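Residue numbers (our numbering): 42 to 540.
Dropping the structure here:
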């Protein structure tokens with residue numbers, strides 16, 4: 042592309058040479074003319090000095106003109122070479138157009154971008170290469186309006202759709218500059234296909250992110266503490282707090298502090314400050330606090346923060362997710378209340394209660410179990426319920442093997458075991474007789490998580506039964522040894538007769 046003009050410096054040099062040469066010539070001619078007219082003297086009549094000056098002026102003029110011409114040619118050559126280099130290495134197409142948008146010159150990038158040779162598009166209108174040329178500012182393709190803009194601002198940036206020789210279209214960015222000496226313009230045509238793809242990918246990504254943040258109830262945010270503004274905050278903020286996005290964006294720190302429950306505010310902001318002091322390696326952290334909604338209702342939230350730092354250790358951004366955990370807090374409170382009631386019942390039950398892990402370790406016992414077994418809680422918890430520390434008896438007084446005990450059977454068979462009578466030797470050597478019920482604890486996946494056992498102290502009943510049996514034995518012995526012993530009930534029916 043040969044858009045070559047003389048540089049201002051070379052033009053100035055040429056003008057100076059012409060002026061100096063002209064002055065010398067006029068001066069010499071003037072002396073010669075005056076001398077001829079007035080015949081000052083023979084020295085002046087011949088005027089050898091004047092002729093000499095005229096000759097010198099002429100030769101000087103020609104020499105200076107030649108030197109200036111050589112300098113101008115070299116400068117023009119350098120400029121042409123530079124323009125040719127720029128034209129050949131530039132991936133963009135450079136066009137020169139006249140006042141009616143006719144293409145008059147073009148660089149070699151045309152073939153790479155459009156597939157045309159330069160001579161194929163010369164003298165064509167620019168519509169031959171592109172259409173839908175719109176200004177990025179005025180959204181207009183009016184050439185006169187664009188030329189007015191060039192006169193005012195010197196350049197114009199617009200977008201268009203390029204037409205390649207094979208029929209394909211490409212998106213273009215067109216930068217137009219004013220050519221005052223030709224009444225036309227210079228245009229740079231840039232293929233922005235990759236940029237468009239990147240913009241579309243970004244737009245799609247942002248669209249997915251917007252849809253995601255609009256669908257979730259959690260509040261996702263990105264906060265700039267240096268400028269006290271949110272780079273992003275999810276629309277769910279309005280649903281969660283009752284405040285509009287405009288309200289939080291107009292005064293981020295004020296609204297944040299204002300909606301944080303007064304009883305929690307100092308703790309929360311202190312936790313954030315303490316975490317910031319740990320520096321970049323601290324990682325994310327989570328804090329829970331109450332938020333006062335715009336309608337005055339308090340909700341519990343979990344705020345998980347990830348703090349970004351600048352290379353010099355200053356806070357750059359705070360990213361976070363705020364989740365409404367009010368229902369979880371209510372469930373936890375209800376669970377605490379329920380556990381409190383159960384613990385009260387657990388502690389006051391007359392029956393002994395033990396909680397046993399799957400490996401047989403006793404995890405927890407109640408006061409009734411301590412009393413029945415004659416051991417402190419600290420002596421029971423941690424033991425294995427079939428360990429050697431225990432001496433377990435059958436009702437007949439013989440040792441009871443583990444497979445007959447209620448707890449092991451409940452674990453093995455995964456079903457409740459009821460009314461298993463067993464004796465447990467106390468530290469003082471006495472025997473506590475107990476009636477045991479054991480229930481396996483099975484989770485939703487069918488996995489055994491332990492056994493809960495309850496047992497009633499039947500020692501006194503066992504003793505009473507023993508005394509009754511002994512009394513019956515004595516009576517039976519007496520009856521067998523007495524002659525003619527017969528017992529008849531009220532109905533006259535014989536219920537016993539000895540031999």
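Just so you know, even glycine gets a beta-carbon here, dropped at the ideal spot from N, CA and C.
Values in this document were obtained by computation on a predicted structure and should not be read as measured data.
Within a Cβ cutoff of 7 Å, which residues of the same chain sit near residue i, ignoring the five residues on either side of it in sequence?
i: residue 206; result: 155, 156, 157
i: residue 83; result: Low per-residue confidence applies at residue 83: pLDDT is 44, beneath 50, and the placement is therefore not dependable, though the value from the model is reported in the following sentence. Around residue 83: no qualifying Cβ.
i: residue 466; result: 432, 472
How many Å lie between residue i and residue j at the Cα?
i: residue 294; j: residue 324; result: 23 Å
i: residue 400; j: residue 433; result: 19 Å
i: residue 296; j: residue 374; result: 29 Å
i: residue 301; j: residue 365; result: 13 Å
i: residue 443; j: residue 459; result: 16 Å
i: residue 180; j: residue 189; result: Note that residue 180 scores 47 on pLDDT, short of 50, meaning its location in the model is unreliable; the coordinates nonetheless yield the value given after this. Those two C-alpha atoms are separated by around 14 Å.
i: residue 167; j: residue 241; result: 27 Å
i: residue 187; j: residue 138; result: 13 Å
i: residue 337; j: residue 276; result: 20 Å
i: residue 147; j: residue 135; result: 6 Å
i: residue 355; j: residue 349; result: 9 Å
i: residue 417; j: residue 328; result: 40 Å
i: residue 284; j: residue 236; result: 38 Å
i: residue 266; j: residue 342; result: 21 Å
i: residue 318; j: residue 290; result: 26 Å
i: residue 161; j: residue 286; result: 57 Å
i: residue 513; j: residue 383; result: 44 Å
i: residue 215; j: residue 248; result: 28 Å
i: residue 332; j: residue 389; result: 40 Å
i: residue 149; j: residue 227; result: 15 Å
Over the uninterrupted beta strand (DSSP E) stretch that includes residue i, give me the two end residues.
i: residue 362; result: 356–365
i: residue 297; result: It is not in any beta strand (DSSP E) - residue 297 instead sits in the alpha helix (DSSP H) that spans 293–300.
i: residue 480; result: 472–483
i: residue 463; result: 458–466
i: residue 263; result: 260–265
i: residue 201; result: 196–204
i: residue 342; result: 339–350
i: residue 329; result: 326–333
i: residue 448; result: Counting along the chain, residue 448 falls outside any beta strand (DSSP E), though it belongs to the alpha helix (DSSP H) covering 447–454.
i: residue 273; result: 270–274
i: residue 170; result: Premise fails: residue 170 is in no beta strand (DSSP E) and is neither H nor E.
Locate the alpha helix (DSSP H) running through residue i, then write down its first and last residues.
i: residue 488; result: No alpha helix (DSSP H) contains residue 488, which DSSP labels as neither H nor E.
i: residue 424; result: Per DSSP, residue 424 belongs to no alpha helix (DSSP H) and is neither H nor E.
i: residue 413; result: 408–414
i: residue 150; result: 150–155
i: residue 278; result: 277–282
i: residue 310; result: 303–318
i: residue 161; result: 159–162
Less than 6 Å between C-beta atoms, sequence neighbours within five positions excluded: which residues of the same chain meet that for residue i?
i: residue 557; result: With the chain running from 42 to 540 in the structure shown, residue 557 is simply not present.
i: residue 172; result: 202
i: residue 396; result: 404, 405, 493
i: residue 398; result: 404, 491
Would residue i be called buried (16 or more neighbouring beta carbons within 10 Å of its own) or exposed?
i: residue 196; result: exposed
i: residue 165; result: exposed
i: residue 133; result: buried
i: residue 534; result: exposed
i: residue 232; result: buried
i: residue 456; result: exposed
i: residue 502; result: exposed
i: residue 234; result: exposed
i: residue 498; result: buried
i: residue 447; result: buried
i: residue 268; result: exposed
i: residue 298; result: exposed
i: residue 339; result: exposed
i: residue 278; result: buried
Ordered along the chain, which non-local residues of its own chain (more than five positions away) have a Cβ less than 8 Å from that of residue i?
i: residue 423; result: 402, 403
i: residue 369; result: 341
Mind reading off the beta-carbon distance from residue i to residue j? Whole number of angstroms is fine, and I expect it under 8 Å.
i: residue 421; j: residue 410; result: 7 Å
i: residue 282; j: residue 334; result: 5 Å
i: residue 480; j: residue 393; result: That belief does not hold up - the Cβ atoms of residue 480 and residue 393 are roughly 14 Å apart, past 8 Å.
i: residue 264; j: residue 358; result: 7 Å
i: residue 441; j: residue 435; result: 5 Å
Would you verify that the beta carbon of residue i is, or is not, closer than 8 Å to some beta carbon of chain D?
i: residue 213; result: Of the chains in the structure shown, none is chain D; there is only one protein chain.
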